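Residue numbers (the working numbering): 288 to 602.
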């Protein structure tokens, strides 16, 4: 930590110092700790050799928070992309990239930011990296070939990966200034920032919270939503689907009901041909009916199970 005894590092847009073990970052590069993709910083200086690594000056993308001291020592960081929108034409300052494998699978458009990419290589590097010959074979047996450099493929993959990071974890900001043309820069919010603008309902995952959720939903619905339209789908990850099933199963087991064995058993292959095979647990509770009107169901949102940019395992 090169910031002395400062408790609120980067608060209110204040610049701070950070040390990495590489010297290739440049002004406008955006980085984030692997364990917290929301804590995005923006490099504002070139590297300076110091004891223990290379020191940079940086600011937080979100000036309404601060960076914990623990993030400045012994942590792995990842490139968070170069997303910027200028009130005037682009200055051409695009930042740098680190090569890594990754592919974007979530895309949506927001009008608040654009993303630029630019790279160049010398001939020696081009020849050492090698090129790939790709082509298509048509019905007349004529193959039309093209040449694609390996670095270009890796660069496009890195660009897609960083764009995905910003689409998920990006923070909206209006306080940044382009160091070249001194124009204001704005960056767009990511999915999590968008979701945080909604109503947050805290619940205890270790107790049955269905009644609490239903009570809150009914308050929002009452005298606002027609009774025939009170059908809600909650999107969650695998952990949320498991919780939902366990909560409804607990309520089901508390009712005096009589069921046949095939409600919980499915047929399965037996190892002994003289015996019948069964499988237990071949059912899922996915919907809950509310009295007197409405239903609440759960759906699976695979993005919430992503551990590439997220280490959170709770729904």
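Don't be surprised by glycine CBs; every beta carbon is placed ideally from N, CA and C.
Nothing here was measured: the structure is a model prediction, and the numbers come from that model.
Original post:
Between the stretch 558-568 and the stretch 490-504, do at least 3 Cβ pairs fall closer than 8 Å?
Top reply: Judged by Cβ distances under 8 Å, the stretch 558-568 makes no contact with the stretch 490-504, as fewer than three pairs qualify.
**OP:** Give every residue of the same chain whose Cβ lies closer than 7 Å to the Cβ of residue 536, excluding the five residues on either side of it in the sequence, and list them in chain order.
**Re:** 572
Original post:
Is residue 465 helix, strand or coil when you go by DSSP?
Top reply: coil
**OP:** Just the C-alpha distance for residue 472 and residue 314, rounded to the nearest angstrom, thanks.
**Re:** 14 Å
Subject >> Contacts around residue 528, its chain only, beta-carbon distance under 7 Å, and the 5 residues preceding and following it disregarded >> reply: 585, 587
Original post:
Of the residues 299, 294, 316, which one's Cα is nearest the Cα of residue 461?
Top reply: 299
Original post:
With 16 other CB atoms within 10 Å as the buried threshold, where does residue 349 fall?
Top reply: Within a 10 Å sphere around the beta-carbon of residue 349 sit 16 or more other beta-carbons, which makes this residue buried.
**OP:** Find the nearest neighbour of residue 554 within the set 570, 541, 534, judged by alpha-carbon distance.
**Re:** 570
**OP:** Could you please give the first and the last residue of the uninterrupted alpha helix (DSSP H) stretch that includes residue 590?
**Re:** Where residue 590 is concerned, there is no enclosing alpha helix (DSSP H), because DSSP gives it neither an H nor an E.
Original post:
What is the residue span of the beta strand (DSSP E) that residue 344 lies within?
Top reply: Bounds of the beta strand (DSSP E) holding residue 344 are 340-347.
Original post:
At what residues does the beta strand (DSSP E) containing residue 575 begin and finish?
Top reply: 574-576
Subject >> Option nearest residue 320 by Cα separation, candidates 347, 294, 310 >> reply: 347
**OP:** Express the C-alpha separation of residue 579 and residue 507 in angstroms, rounding to a whole number.
**Re:** 15 Å
Original post:
Is residue 455 close to chain D, meaning its C-beta is less than 9 Å from at least one C-beta of that chain?
Top reply: Checking the listed chains, one finds no chain D in this structure; it contains a single protein chain.
Original post:
Going straight from the alpha carbon of residue 436 to that of residue 364, what length do you get?
Top reply: 28 Å
Subject >> 9 Å Cβ cutoff met for residue 289 and residue 327 >> reply: Not a contact, by the Cβ cut-off of 9 Å.
**OP:** Would you check if the distance between the CB atom of residue 334 and the CB atom of residue 303 is smaller than 9 Å?
**Re:** no
Original post:
Which residues in the same chain have their Cβ closer than 7 Å to the Cβ of residue 576, if we skip the five residues on either side of it in sequence?
Top reply: 582
Subject >> Burial state of residue 493 (16 or more Cβ within 10 Å) >> reply: exposed
Original post:
Which one or two residues does DSSP pair with residue 336 in a beta bridge?
Top reply: 341
**OP:** Let me know if residue 465 comes out buried or exposed under the rule of 16 or more other beta-carbons within 10 Å of its beta-carbon.
**Re:** buried
Subject >> residue 291 versus residue 305 - alpha carbon distance >> reply: Cα to Cα, residue 291 sits roughly 11 Å from residue 305.
**OP:** Ignore the nearest five residues each way along the sequence and tell me which others in residue 518's own chain have a CB closer than 7 Å to its CB.
**Re:** Correct list, in chain order: 581, 582.
Original post:
Taking the alpha carbon of residue 342 as the point to measure from, which residue in 309, 512, 451 has its own alpha carbon closest?
Top reply: 309
**OP:** Can you say whether residue 316 is buried or exposed, counting buried as having 16 or more other CB atoms within 10 angstroms of its CB?
**Re:** buried
Original post:
Is the CB-CB distance between residue 453 and residue 412 below 9 Å?
Top reply: no
Original post:
How is the alpha helix (DSSP H) around residue 412 delimited, first residue to last?
Top reply: 410-416
Subject >> Span separating the alpha-carbon of residue 358 from that of residue 451 >> reply: 22 Å
**OP:** Tell me residue 565's beta-bridge partners as DSSP assigns them.
**Re:** 554
Subject >> Strand pairing of residue 366, partner residues [DSSP] >> reply: 318
**OP:** Can you tell me which of 469, 490, 456 puts its alpha carbon nearest to the alpha carbon of residue 480?
**Re:** 456
Subject >> Alpha-carbon spacing of residue 407 relative to residue 442, whole angstroms >> reply: 10 Å
**OP:** Pull up the distance between the alpha-carbon of residue 477 and that of residue 538, whole angstroms please.
**Re:** 37 Å
Original post:
Taking C-alpha atoms, which residue in 307, 354, 331, 526 lies nearest to residue 325?
Top reply: Of all alpha-carbon atoms in 307, 354, 331, 526, the one lying nearest the alpha-carbon of residue 325 is that of 354.
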